[in-house]
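Protein sequence lines correspond, in order, to chains X, C, G and Y. For the first sequence, counting from 1, position 36 maps to 41 in the working numbering; every step adds exactly one. For the second sequence, counting from 1, position 17 maps to 22 in the working numbering; every step adds exactly one. For the third sequence, counting from 1, position 212 maps to 217 in the working numbering; every step adds exactly one. For the fourth sequence, counting from 1, position 418 maps to 423 in the working numbering; every step adds exactly one. Have a look at the structure below, then the notes.
4 protein chains.
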Amino acid sequence: MELFHENELLPKEKVFRDPVHGYIHVQHRVILDLINTKEFQRLRRIKQLGTSSFTFHGAEHSRFNHSLGVYEITRRICDKFERNYPTTSPDDGLWDDRERLVTLCAALLHDLGHGPFSHTFEKIFNTDHEEVTIDIITSPDTEVHAVLKGVSSDFPNQVAAVIAKTYPNPQVIQLISSQIDADRMDYLLRDAYYSGVTYGMFDLTRILRVIRPYANGITFDFSGMHAIEDYIVSRYQMYMQVYFHPVSRGMEVVLYHLMRRAKDIYMDEKIELKNTASFLEPFFNQSWTLKDYLRLDDGVLTTYFNHWIDEADPTLSDLAGRFLNRKPFKSVRFERDTDWETVQALQSLIEEMGYNPDYYTSVNNSFDLPYDLYRPHQSGSRTQIELMQKNQTFIELSQVSPIVSSLTGKVKGDERLFFPREITHGFSLEDVNLFENLTKKFQSYIENDEIISRPTHK
Amino acid sequence: MELFHENELLPKEKVFRDPVHGYIHVQHRVILDLINTKEFQRLRRIKQLGTSSFTFHGAEHSRFNHSLGVYEITRRICDKFERNYPTTSPDDGLWDDRERLVTLCAALLHDLGHGPFSHTFEKIFNTDHEEVTIDIITSPDTEVHAVLKGVSSDFPNQVAAVIAKTYPNPQVIQLISSQIDADRMDYLLRDAYYSGVTYGMFDLTRILRVIRPYANGITFDFSGMHAIEDYIVSRYQMYMQVYFHPVSRGMEVVLYHLMRRAKDIYMDEKIELKNTASFLEPFFNQSWTLKDYLRLDDGVLTTYFNHWIDEADPTLSDLAGRFLNRKPFKSVRFERDTDWETVQALQSLIEEMGYNPDYYTSVNNSFDLPYDLYRPHQSGSRTQIELMQKNQTFIELSQVSPIVSSLTGKVKGDERLFFPREITHGFSLEDVNLFENLTKKFQSYIENDEIISRPTHK
Amino acid sequence: MELFHENELLPKEKVFRDPVHGYIHVQHRVILDLINTKEFQRLRRIKQLGTSSFTFHGAEHSRFNHSLGVYEITRRICDKFERNYPTTSPDDGLWDDRERLVTLCAALLHDLGHGPFSHTFEKIFNTDHEEVTIDIITSPDTEVHAVLKGVSSDFPNQVAAVIAKTYPNPQVIQLISSQIDADRMDYLLRDAYYSGVTYGMFDLTRILRVIRPYANGITFDFSGMHAIEDYIVSRYQMYMQVYFHPVSRGMEVVLYHLMRRAKDIYMDEKIELKNTASFLEPFFNQSWTLKDYLRLDDGVLTTYFNHWIDEADPTLSDLAGRFLNRKPFKSVRFERDTDWETVQALQSLIEEMGYNPDYYTSVNNSFDLPYDLYRPHQSGSRTQIELMQKNQTFIELSQVSPIVSSLTGKVKGDERLFFPREITHGFSLEDVNLFENLTKKFQSYIENDEIISRPTHK
Amino acid sequence: MELFHENELLPKEKVFRDPVHGYIHVQHRVILDLINTKEFQRLRRIKQLGTSSFTFHGAEHSRFNHSLGVYEITRRICDKFERNYPTTSPDDGLWDDRERLVTLCAALLHDLGHGPFSHTFEKIFNTDHEEVTIDIITSPDTEVHAVLKGVSSDFPNQVAAVIAKTYPNPQVIQLISSQIDADRMDYLLRDAYYSGVTYGMFDLTRILRVIRPYANGITFDFSGMHAIEDYIVSRYQMYMQVYFHPVSRGMEVVLYHLMRRAKDIYMDEKIELKNTASFLEPFFNQSWTLKDYLRLDDGVLTTYFNHWIDEADPTLSDLAGRFLNRKPFKSVRFERDTDWETVQALQSLIEEMGYNPDYYTSVNNSFDLPYDLYRPHQSGSRTQIELMQKNQTFIELSQVSPIVSSLTGKVKGDERLFFPREITHGFSLEDVNLFENLTKKFQSYIENDEIISRPTHK
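Below is the structure:
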């Protein structure tokens with residue numbers, strides 16, 4: 006590891022070709038060294054979108070890929086701020102470019118603590134990727150920490166404070182995490198590019214022209230209102246069309262049951278998984294260390310699933326096969342208030358057909374997902390988008406945009422019952438006679454992919 | 006698995022969003038069922054470009070992704086042929102649309118036998134992805150075979166014959182494998198899209214307008230000459246800029262040495278890797294079956310590498326770390342004829358510095374890679390691109406295109422010596438004194454990233 | 006002119022390269038012959054967006070360009086309808102492909118009657134481009150009529166009936182003119198492409214997948230709801246950002262005053278314009294024929310403006326120079342209800358500065374422009390967008406989309422007062438002393454580009 | 006006109022949306038004022054590609070549009086030079102940013118002197134757009150001159166010197182005019198964008214990364230060799246596919262004959278065109294002034310053509326109709342050396358059919374057009390493309406690129422005989438009997454769109 010001084014610039018800017026931003030421009034040695042750490046390289050082996058590539062086959066990109074993009078957008082914003090809004094006196098609410106390096110590092114590293122299939126993994130093993138990110142940055146054992154410490158002894162803590170949202174300068178925090186931050190802007194554009202949908206394609210260039218710092222954080226010129234509005238709509242469309250897609254969620258339900266089954270077996274002192282899941286053991290035992298965590302990636306998990314197909318436990322083997330070979334659970338929508346009794350009836354039917362409902366049915370709400378539609382009323386004033394008018398006063402976005410207003414706090418969740426596809430789409434020949442009546446009864450509760458509370462024939 | 010009749014169409018066309026082609030359109034049930042087989046789904050876990058994503062971080066797409074694209078281009082060509090060049094009598098050299106299904110299946114499945122990091126894997130374990138593809142198609146144990154057999158008992162053999170290039174109709178073979186086939190057209194466009202370079206962006210729509218069948222295979226209207234020329238240049242540029250990139254090759258050299266070291270250890274001491282490479286054992290033993298082969302994917306190999314970092318063997322551990330954490334070997338160009346003595350001198354220097362040259366240096370020629378620049382003279386008349394003039398006579402492309410002529414049989418290989426980067430870029434502090442003189446001597450042989458046969462100061 | 010039979014196909018499809026759709030595909034001889042008529046070629050000399058290219062310099066495309074695009078989208082929809090929804094019995098509400106030719110011709114010709122700067126021209130000379138379109142199609146003197154008559158003697162009337170919305174089949178009418186018709190879909194995409202904004206980039210491919218015929222016209226599968234929603238938002242954004250842009254409207258106001266001044270002079274028996282506006286004379290005289298109309302194009306008008314710069318009338322000369330040399334009137338927003346008195350005060354100030362307010366001020370509402378937002382409730386059921394659910398029932402779009410609902414009838418017009426830019430931005434040196442006080446007074450009524458009813462200092 | 010000081014920056018950067026470059030960024034007041042002059046605004050009324058939009062209907066963009074693009078590329082290069090290669094001592098061959106303003110002005114204004122359909126106009130009226138550009142810049146009567154003079158009294162001369170290539174700093178000249186200058190880079194990208202072909206899409210971003218100043222002008226890092234190679238191929242493809250397209254040339258031949266006929270008539274009979282071509286009179290008289298020149302634009306000429314359709318002279322009327330209504334002359338290729346006798350025989354046949362060969366046939370070589378391929382050897386060292394190696398030595402591009410070498414001086418011109426389309430494609434019915442034998446004889450000389458010297462049947 007080379008030694009360097011704070012803010013040291015590379016003798017020549019280094020670039021990485023990027024399909025979304027053209028080039029990622031690296032000017033500081035510390036950024037290049039962070040990219041070359043093993044903790045950051047690990048992100049190459051973790052998909053950005055988890056199970057979404059089972060629906061949108063193009064979206065196979067990694068968190069490494071995305072992290073570079075977040076860095077790049079942040080860098081471009083810093084350039085704009087430095088040129089157009091440089092501070093000239095303390096407390097003038099403008100940009101102090103001495104914040105650049107800590108901002109760039111936080112942008113680059115903000116996803117460092119993600120594990121494989123984070124959302125599901127965290128639910129089962131009670132981990133928290135944000136805490137892990139902070140651990141990696143502050144632990145004396147990591148390469149990332151060593152690089153950051155080369156800047157100054159307190160620098161790792163500063164970067165961690167940005168992640169933890171305790172950093173004193175709200176501008177820095179909001180660039181990394183707010184309603185329109187570099188993270189969201191990159192993932193909307195990138196996920197759209199890779200999945201091949203057009204919905205995420207808002208006008209980044211225009212937004213970069215109107216974003217600006219002020220005393221309490223980040224705001225936007227009023228003249229950019231329609232560009233912001235367009236961004237909010239893109240975000241909404243990406244959630245509705247891509248992130249909440251029922252097939253991806255059907256794969257996530259399979260994954261969740263699979264990993265829970267493995268954990269249950271392990272806890273029941275069935276030692277079978279010892280040789281085929283050694284990196285997972287500390288998590289089953291709830292005794293994991295940072296080093297254990299950093300060993301995990303998508304490939305490790307799918308390799309274990311690959312082994313589990315041969316395990317004696319039929320549920321584990323079956324679910325492992327469903328995940329590896331892409332057999333998503335099917336789903337139907339329902340309203341929790343009016344259809345709940347029917348849902349329970351359907352789960353009973355599934356059990357009658359021989360499935361353990363604990364592992365073969367699931368109720369899943371899209372709000373379970375990392376959901377961040379624009380809801381200023383629910384989340385406190387911090388998350389509102391403020392526009393700065395010519396006379397320097399602010400106006401909240403939904404006050405001037407009927408579109409944004411229509412999306413504010415009103416979006417309904419999409420609650421679904423998940424179950425094996427063969428229940429409605431037919432079993433192999435020998436089982437048909439056995440379950441024919443149950444299947445028919447099951448189907449009578451469903452119309453237009455929705456549960457109807459009062460089926461025609463009972 | 007549903008039963009179906011030959012050529013059975015889905016009640017409603019099914020589409021997959023694709024970032025390169027907009028949509029992949031599936032009309033036959035057999036195509037949908039093939040996509041859903043576990044052998045085809047495995048391709049999701051194998052990167053299309055092996056180590057290239059270490060250089061072009063955007064290029065993380067899988068062979069699954071590419072295979073759908075090859076299918077789609079083939080489908081579009083079949084549509085054009087059926088509409089514009091339908092056969093009306095045997096031997097009229099036009100298109101018989103009864104060939105459509107076998108052509109589509111072969112297009113979809115042509116990469117089925119690829120393993121993880123195929124190029125390197127095949128060199129070490131003496132496997133052949135094309136043979137494996139044929140095995141998967143014809144073996145009675147695979148889901149792919151079962152689906153194909155649903156069409157007719159001989160259908161698997163027909164599809165295999167297209168892959169093996171023994172199928173009677175040369176049009177079908179050349180659509181899948183020739184100088185301008187659906188495979189190459191998709192990968193150039195796709196690899197360009199994902200890597201973010203523009204070089205691969207030839208005009209597919211125009212080529213689809215001028216491609217046509219004739220008695221001996223596939224040809225192109227003379228009016229499309231410049232579009233074909235543009236394709237050839239794109240191909241050349243992609244090889245020069247992306248596929249032969251020295252950094253990707255530097256990672257491939259690390260991978261090669263790593264896997265060879267593992268094999269050598271296994272052969273010598275057997276026991277060591279048992280728990281951490283069980284899926285690889287049959288390959289070390291040269292006793293693998295198709296089932297063994299189909300268990301492998303990128304994640305399995307990187308998981309083993311992950312384990313090997315903890316192995317006692319320092320070379321294995323070191324190389325595993327270099328691969329996982331992206332520490333590519335550096336390289337310098339040389340001319341085999343004039344610089345060979347110097348190369349050997351450099352290898353000796355590397356050995357003096359304590360590296361085993363067997364695992365830490367490598368001579369690598371870009372022609373080792375799956376290389377298919379347009380070289381009609383070397384490859385026989387089959388691989389030439391023929392243009393059909395208005396009077397139905399043919400003219401070979403390089404006769405009318407000075408650009409193509411300039412690329413024909415003249416492109417020189419790029420031979421390089423690979424070695425650990427620290428040899429020229431500095432060791433950690435404690436070693437500096439030790440190797441200072443050797444490093445200086447090493448560097449005196451190199452100028453402008455090339456080996457110079459007579460260094461200025463010896 | 007070649008003779009042909011109804012529906013005669015070209016021996017080989019002819020294509021035109023198109024930047025928006027890739028290629029325009031022409032398969033019928035009658036379409037090719039229509040494109041080659043002089044009436045259709047005239048559309049090359051008329052800009053699609055009138056004065057918008059003064060704001061978005063890229064948007065210089067012609068109505069010829071757009072008309073080909075409308076034809077192409079219609080052709081693609083016909084292909085989809087023919088493949089997926091072919092009629093099998095009368096009144097089944099599906100697509101009768103015998104309607105294809107009349108639909109394609111109407112699509113191609115729908116803008117045929119547009120003159121230069123249509124919106125302004127029509128206001129001054131009381132013309133109507135839709136009536137002229139019908140005239141051109143039905144008049145025995147035009148090449149277009151001759152070509153259409155070649156299909157059948159009644160064919161021109163049929164095409165005209167589609168334009169006039171009296172054609173019996175509502176599917177045909179709605180493909181050319183409805184809330185989501187081929188016309189709007191092309192112009193949104195094309196205007197966005199040429200102007201360089203991204204807002205118009207909705208997902209045409211997806212919409213083409215869900216559009217379908219039914220008994221009363223055109224509808225969309227419910228599964229495409231989000232794609233339709235996205236289209237509505239794109240349309241809204243294009244109006245807000247491009248079509249209603251104040252600078253383009255400021256040029257249109259100059260144009261309107263210029264042409265009105267020319268007409269006023271002519272009517273006052275000032276014969277000066279005889280030699281420099283001969284093609285316009287029949288319009289000044291209100292005695293124009295179709296032949297006169299077809300002589301006009303953008304170049305004719307700007308050539309006359311070019312001559313008028315030398316005319317003795319100072320207002321005519323001045324306004325001609327402002328238009329040719331792009332000196333748009335500036336504008337400020339106001340609320341008609343609350344600010345009207347102030348507006349009149351401002352107009353008086355402008356008159357005090359020596360400007361004839363008749364030619365140098367204007368009040369203009371964006372909804373005076375020939376565009377509309379989606380307002381189902383205002384316009385009767387014909388213009389609603391209906392979605393077809395799985396059970397074949399319909400649901401109106403704004404019922405299921407909060408975004409569309411928010412745009413329905415709630416967006417207000419943008420009313421502005423226009424005046425010469427120098428009034429607020431300064432006169433040349435010699436005039437400064439003269440008007441200094443008036444200018445200051447004028448500016449005191451304006452804050453943040455809006456008229457304030459109670460200025461601070463009077 | 007505002008007064009300003011040299012290099013005065015706008016208080017806030019002004020941008021223009023541009024479909025090719027995203028935004029045009031204007032930072033200097035003088036640039037904004039130049040754009041607002043009437044001489045520069047005139048360029049809005051002159052198409053960039055003359056008759057090419059008759060073939061590629063999308064390519065209707067103006068020279069105004071392109072001129073902004075050339076300015077923007079130049080501005081970006083200046084930014085790169087200022088950041089990466091700032092001069093520190095005289096004669097160090099690096100970039101002196103005091104050259105920025107003169108460079109930007111020359112870039113913006115380089116096409117100012119173009120008239121309507123320049124290529125043809127210049128041949129007939131013996132004008133020279135480069136001389137006119139210099140005139141506009143240096144004439145005390147123009148707004149452009151007044152703006153430039155506001156910078157300093159000598160500034161107009163400096164800008165003119167760049168255009169005239171007499172400016173002392175070769176870097177400035179070569180940025181505006183050399184083998185890879187801002188002019189060519191913009192028009193290739195822009196013409197490709199507007200025409201809808203992909204061939205012009207080289208990698209501008211990469212070229213901007215490797216371009217650099219040196220003592221004798223502009224060079225490129227050797228590492229960018231393949232990007233430069235790609236640019237050369239794009240240029241070649243655009244010439245072959247777009248600029249040299251036979252249909253556009255067929256329209257240009259019609260235009261040439263039309264304007265020559267008008268001139269001939271005027272010289273013979275003076276009076277006829279007086280009322281319908283007043284702006285052209287000074288050119289017929291060879292007595293034009295700069296003011297006369299600046300009155301002309303595409304619309305003026307087409308308006309006159311529109312009038313000429315009614316003129317008594319049948320040739321003038323006929324050719325005017327052919328041009329306005331897009332009836333291009335057809336053409337066949339021939340080799341001047343071997344086919345010349347046959348060409349003359351064909352011209353005689355055309356005369357026999359009643360056409361005046363002076364106005365109805367033409368021999369035209371693509372190299373007569375104002376475009377060039379890369380031919381370093383023919384044009385002297387000034388026009389070579391030099392690459393700078395790591396050791397600061399230069400190597401000429403075609404020495405290291407077989408592709409470029411293949412295009413260097415080896416591509417032949419495309420010589421064609423043009424004639425009215427009806428000669429080979431049939432006359433109206435009544436004439437058929439009259440010319441049947443002549444037409445057959447004519448066609449016997451042609452095969453595959455080429456003249457054959459020894460026709461099969463005479």
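Heads up, the beta-carbon is just placed ideally off N, CA and C, and yes, glycines get one too.
Cα atoms of threonine 125 (chain G) and threonine 281 (chain Y): separation of roughly 26 Å, rounded to the nearest angstrom. Rounded to whole angstroms, the separation of the alpha carbons of glutamine 394 (chain G) and serine 123 (chain G) is 40 Å. At a cut-off of 8 Å between beta carbons, lysine 395 (chain G) contacts chain X. Residues are counted here when their Cβ sits less than 8 Å from a Cβ of chain X; for the segment 189-214 of chain Y these are Thr210, Arg214, given in chain order. For tyrosine 28 (chain C), the neighbours in chain G by C-beta distance under 7 Å run, in chain order, Thr210.
Between threonine 210 (chain C) and the set C:Lys268, C:Pro362, C:Gly27, the nearest pair of CA atoms involves C:Gly27. The contact set of serine 67 (chain G) on chain X, defined by CB atoms closer than 9 Å, is empty, because the minimum CB distance reaches about 26 Å. Going by DSSP, methionine 230 (chain G) is part of the alpha helix (DSSP H) stretching over 230-243. If you draw a 10 Å sphere on the C-beta of methionine 272 (chain X), you find fewer than 16 other C-beta atoms in it, and that means exposed.
Take threonine 147 (chain C), set aside five residues on each side of it, and the residues of its chain with a beta-carbon closer than 6 Å to its own are Glu44, Ile141, in chain order. Straight across, the Cα-Cα distance linking glutamine 448 (chain Y) with aspartate 342 (chain Y) is about 21 Å. Contacts with chain X at 8 Å (Cβ-Cβ) do not include arginine 34 (chain C).
If you check each beta-carbon in the segment 232-260 of chain X against every beta-carbon of chain G, the ones closer than 7 Å belong to Asp235, Val238, Gln242, Met245, Gln246.
Rounded to whole angstroms, the gap between the alpha carbons of glutamine 53 (chain C) and glycine 304 (chain C) is 14 Å. Counting only residues of its own chain and dropping the five nearest sequence neighbours on each side, glutamate 401 (chain X) has a CB closer than 8 Å to the CB of Pro381, Gln389, Ile390, Glu391, Leu392. For asparagine 369 (chain Y), the uninterrupted beta strand (DSSP E) segment begins and ends at 367-370. Membership of valine 25 (chain C) in any alpha helix (DSSP H) is not indicated, and neither H nor E is assigned to it by DSSP.
Among the residues facing chain X, phenylalanine 423 (chain C) is not included, as its CB has no counterpart in that chain under 8 Å away. For leucine 412 (chain C), the nearest beta carbon of chain Y is closer than 8 Å to its own beta carbon. Here the alpha carbons of phenylalanine 225 (chain Y) and proline 218 (chain Y) stand approximately 8 Å from one another.
Not a single C-beta of chain Y is nearer than 8 Å to the C-beta of threonine 347 (chain G). For valine 337 (chain Y), the enclosing beta strand (DSSP E) starts and ends at 335-338.
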